[in-house]
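Asker: Taking this note's numbering, the leading residue of the sequence shown gets 7, the next gets one more, and so forth.
Cβ coordinates follow ideal geometry from the N, Cα and C atoms, glycine included.
Below are the structure tokens for one structure; questions will follow.
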Amino acid sequence: MKILLVIDVQEKYLRYYDADLLPRINARISAAKSDRDPVFYVRNIGIHGDNDSYNLANNLLIASDYIYEKRFPCAFTNDSFAKELKDMKITELEIIGVDGNCCVKKTCLDAISSGYKVTLNLHCTSARNKKIFEKTCKELSDAGVIIIKT
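This is how it looks when you write it as structure tokens:
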């Protein structure tokens, strides 16, 4: 079974990325919902805990109640998230969100290490440093992550 995993699409971070990133993400969420693929959301709450600046983006399409918090870059640091994937017998993750060089990268690598099939959808993922992101994508591909551009 496959899920769409939306990472750190939060009001606090969106100003660093293309204005059309959020509409592309929402379109992908809508397509996943139509395909009946569960949509999971993970949001960073910072090392010291949550505050309003860490809210999910105002206009982000919320297609499920699968919303998890993390204090560290990798989504798998949230035990409830990892347990839910196992309980639902998830085998494949399509990952989208920000930042491609940090939280997205770390989650992709840990998912591969945990035995999941991982796809990174570049159409709905961005990084603040595009030059480093090219190297990141090569590293992820070498690790077994499937990179798609559309």
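Using the rule of at least 16 other Cβ atoms within 10 Å of the residue's Cβ for burial, across every protein chain shown, is N135 buried or exposed?
Answerer: Result: exposed.
Asker: If we call anything under 7 Å between Cβ atoms a contact, is C109 one with I13?
Answerer: yes
Asker: Pull the bridge partners of Y47 from the DSSP assignment, please.
Answerer: V12, I73
Asker: Taking C-alpha atoms, which residue in A81, F87, L67, I102 lies nearest to K39?
Answerer: L67
Asker: Say whether the region 39-50 touches the region 129-147, bearing in mind that this needs 3 or more beta-carbon pairs closer than 8 Å, one atom from each stretch.
Answerer: no
Asker: CA-CA distance, A33 and G55?
Answerer: 30 Å
Asker: When you compare the region 56-66 with the region 87-96, are there three or more beta-carbon pairs, one atom per stretch, that lie closer than 8 Å?
Answerer: In the pairwise beta carbon analysis, the region 56-66 is classified as not touching the region 87-96: fewer than three pairs are separated by under 8 Å.
Asker: Just grab the DSSP bridge partners of G103 for me.
Answerer: I13, T131
Asker: Are the Cβ atoms of V210 and I31 separated by less than 7 Å?
Answerer: Because the chain in this structure spans residues 7 to 156, residue 210 falls outside the shown range and cannot be described.
Asker: Let me confirm a value: D85 is counted as buried when at least 16 other C-beta atoms fall within 10 Å, else exposed. Which label applies?
Answerer: exposed
Asker: Sort out for me which residues DSSP pairs T125 with in a bridge.
Answerer: Answer is E100, I152, bridged to T125.
Asker: Assign D22 to buried or exposed, taking buried as 16 or more other Cβ atoms, counted over all protein chains shown, within 10 Å of its Cβ.
Answerer: Looking at the sequence shown, residue 22 is not Asp but Tyr. Looking at its Cβ environment, which holds fewer than 16 other Cβ atoms inside 10 Å, Y22 is exposed.
Asker: Quick check on DSSP: helix, strand or coil for L66?
Answerer: Coil.
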